[in-house]
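Data block below; observations after.
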Amino acid sequence: QSGVASIVLDRDGTARRIPTYEDSFARRLLGDGADAPTGAQMQSFGPSRTYPTVSYYRALDPESFLPPDTFRDRPVIVGLSMQAAPKTDAGGADAYATSWSARTGSLVSGAEIQATIYDNLAAGLFVRPVPGWAGFAASLLSAAVAAAMAWRGTSWRTVAFALCGILAIGLASFALLSWGRLYLQPTAPALAFAEVSLAQGARDFAAERRLRRGITRAFSQYLSPELVRQLTLDPDKLKLGGERRTLSILF
Numbered sequence: 001q002s003g004v005a006s007i008v009l010d011r012d013g014t015a016r017r018i019p020t021y022e023d024s025f026a027r028r029l030l031g032d033g034a035d036a037p038t039g040a041q042m043q044s045f046g047p048s049r050t051y052p053t054v055s056y057y058r059a060l061d062p063e064s065f066l067p068p069d070t071f072r073d074r075p076v077i078v079g080l081s082m083q084a085a086p087k088t089d090a091g092g093a094d095a096y097a098t099s100w101s102a103r104t105g106s107l108v109s110g111a112e113i114q115a116t117i118y119d120n121l122a123a124g125l126f127v128r129p130v131p132g133w134a135g136f137a138a139s140l141l142s143a144a145v146a147a148a149m150a151w152r153g154t155s156w157r158t159v160a161f162a163l164c165g166i167l168a169i170g171l172a173s174f175a176l177l178s179w180g181r182l183y184l185q186p187t188a189p190a191l192a193f194a195e196v197s198l199a200q201g202a203r204d205f206a207a208e209r210r211l212r213r214g215i216t217r218a219f220s221q222y223l224s225p226e227l228v229r230q231l232t233l234d235p236d237k238l239k240l241g242g243e244r245r246t247l248s249i250l251f
């Protein structure tokens, strides 16, 4: 059988997704039952030469160069694989960037990428993107939690809770990716959480500024500047009846 060996690249030129062709190379190699949802991302297992590699001259004369039964009951992918993996800035024939290339600076051969796609399909290790409604619901939930947190007013605790909330969203996305192989982009929920928190904080800050200006205008002609300052810092002191204190007075 013949299969399409084309690899799907993202906009940044990195191979992350499993091809959706019905007659793709890995599906032909696996046979029936090999399928993945549209947009599924493959799980990369390592940099170049992670898979066992046998040089072509050794395969031509296996009795001299290879242990017995090296290829028995194993799928074998034949392709070009440079002895030294080409660098990302140099390019290369049938070599592509993967999620490991940012760390290693090297490209991975097309044969190894096909092997990665094969293992993802065979073992169901690919990463599924969550539906669009799930991402929208996560953003709404983040906004609701932020609104409930800042409803009674904002302070330094609100800032701490906001930072903890954004960190929790990132950790939840990482946990889904690691243990559930589901990808929920954390950017939208984190932005919703931050925007609601900042909006409520800005609203409270503006209200406090207006209250302080009103107190200053109303009492600056009747009270000492120190008392006016105390009232602006603590408007709760604006109550009838004054304060009862135990004092020592020295004449």
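Position one of the sequence shown corresponds to residue 1 (the numbering used here), numbered consecutively onward. Each residue gets a CB set at the ideal place from its N, CA and C atoms; glycine is no exception.
CB contact flag (residue 101, residue 232, <8 angstroms): no
Beta carbon of residue 121 nearer than 8 angstroms to that of residue 26: yes
Cα-Cα separation, residue 103 to residue 12: 15 angstroms
Contact between the segment 172-190 and the segment 115-134 (3+ Cβ pairs under 8 angstroms): yes
Where residue 196 sits in the DSSP three-state scheme: helix
Residue 76 vs residue 66 beta-carbon contact at 8 angstroms: no
Limits of the unbroken alpha helix (DSSP H) element including residue 225: 225-233
Local conformation of residue 21 per DSSP, three classes: coil
Buried versus exposed, by CB contacts within 10 Å (16 or more), residue 18: buried
Cβ-Cβ separation, residue 166 to residue 137 (assumed contact under 8 angstroms), whole Å: Incorrect: roughly 18 angstroms between the Cβ atoms, too far for contact.
Alpha-carbon to alpha-carbon, residue 162 and residue 98: 34 angstroms
Opposing strand residues paired with residue 252 [DSSP bridges]: The requested residue 252 does not occur in the structure, where the chain is confined to residues 1 to 251.
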